[in-house]
Amino acid sequence: MKPLKYLAGYPAETLQQVQSLIDAGRLGELLARRYPAGHEVRSDKALFDYTQDLKLRFLRNAEPLSKVCFDAKLKVIQHALGTHTRASRVQGSKLKSKREIRIAGLFKEAPAEFLKMIVVHELAHLKELDHNKAFYQLCQHMEPGYGQLEFDLRLYLTQQDLLAGAAA
């Protein structure tokens, strides 16, 4: 069984089920059936508006966002599907803080649910910096199916790797 790098840490039984789907050539079909719809968020402005809508709905009191954009330089291999940064600088006698969210460019073409999951993940970092219990509870509050979406995103990334390997 070839190592499934996006599924490290999952139980052996789960890995075997995924490997069975891969061996039968049914992983892509399963994902396409489960997530048939894309999304219309193609530009950085549209992504900013999409993120702001979610932020206003769930995190009204969180710090404002200065920038939200797709970033083609984020590499899945380096475990970065999205990033959030905070930059503080002094302007005169005031301390100014800027918050940015960058989403990997692959989400322009990913199913709508995966885009929402990664945006929810990065928004949760506005309140919780660490991946702790409170962080995942906040993600679950903003997207009730968060846990399943995270797993399915890992399957999607595995499928993308398989397609890239077949094309090479």
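Residue numbers are given in full-length UniProt numbering: position 57 of the sequence shown equals residue 57, and the series is strictly consecutive. Every residue, glycine too, gets a C-beta built ideally from N, C-alpha and C.
Original post:
Ends of the beta strand (DSSP E) at residue 95?
Top reply: Boundaries of the beta strand (DSSP E) around residue 95: 94-104.
Original post:
Looking only at C-alpha atoms, which of 8, 24, 23 and 109 sits nearest to residue 47?
Top reply: 109
Original post:
If we ignore side chains and look at the alpha-carbon of each, how far apart do residue 64 and residue 91 end up?
Top reply: 18 angstroms
Original post:
Cβ of residue 111 within 8 angstroms of Cβ of residue 6?
Top reply: Contact flag unset, no.
**OP:** Find out if the Cβ-Cβ distance for the pair residue 59, residue 127 is shorter than 8 angstroms.
**Re:** yes
**OP:** Going by CA-CA distance only, name the one from 121, 153 and 158 that's closest to residue 141.
**Re:** 121
**OP:** Please go through the same chain and pick out, in chain order, the residues whose beta-carbon is closer than 8 angstroms to the beta-carbon of residue 66, but skip the five residues on each side of it.
**Re:** 98, 99 and 100
**OP:** Locate the beta strand (DSSP E) running through residue 71, then write down its first and last residues.
**Re:** 67-71
Subject >> Status (buried if at least 16 other CB within 10 Å, exposed otherwise) for residue 55 >> reply: buried
**OP:** Kindly identify the DSSP beta-bridge partner or partners of residue 85.
**Re:** 100
Original post:
Does the Cβ-Cβ distance between residue 138 and residue 124 come in under 8 angstroms?
Top reply: If you check the CB distance, residue 138 and residue 124 come in under 8 angstroms.
**OP:** Would you grab the beta carbon distance between residue 103 and residue 71 for me? Rounded to a whole angstrom, and I think it's under 8 angstroms.
**Re:** 7 angstroms
Subject >> residue 149 versus residue 94: straight-line alpha-carbon distance, rounded >> reply: 41 angstroms
Subject >> residue 86 CB to nearest heavy atom of the ligand MN below 7 angstroms >> reply: Here there are no bound small molecules, and the ligand MN is not part of this structure.
**OP:** Identify which residue in 68, 33 and 57 has its Cα closest to the Cα of residue 41.
**Re:** 68
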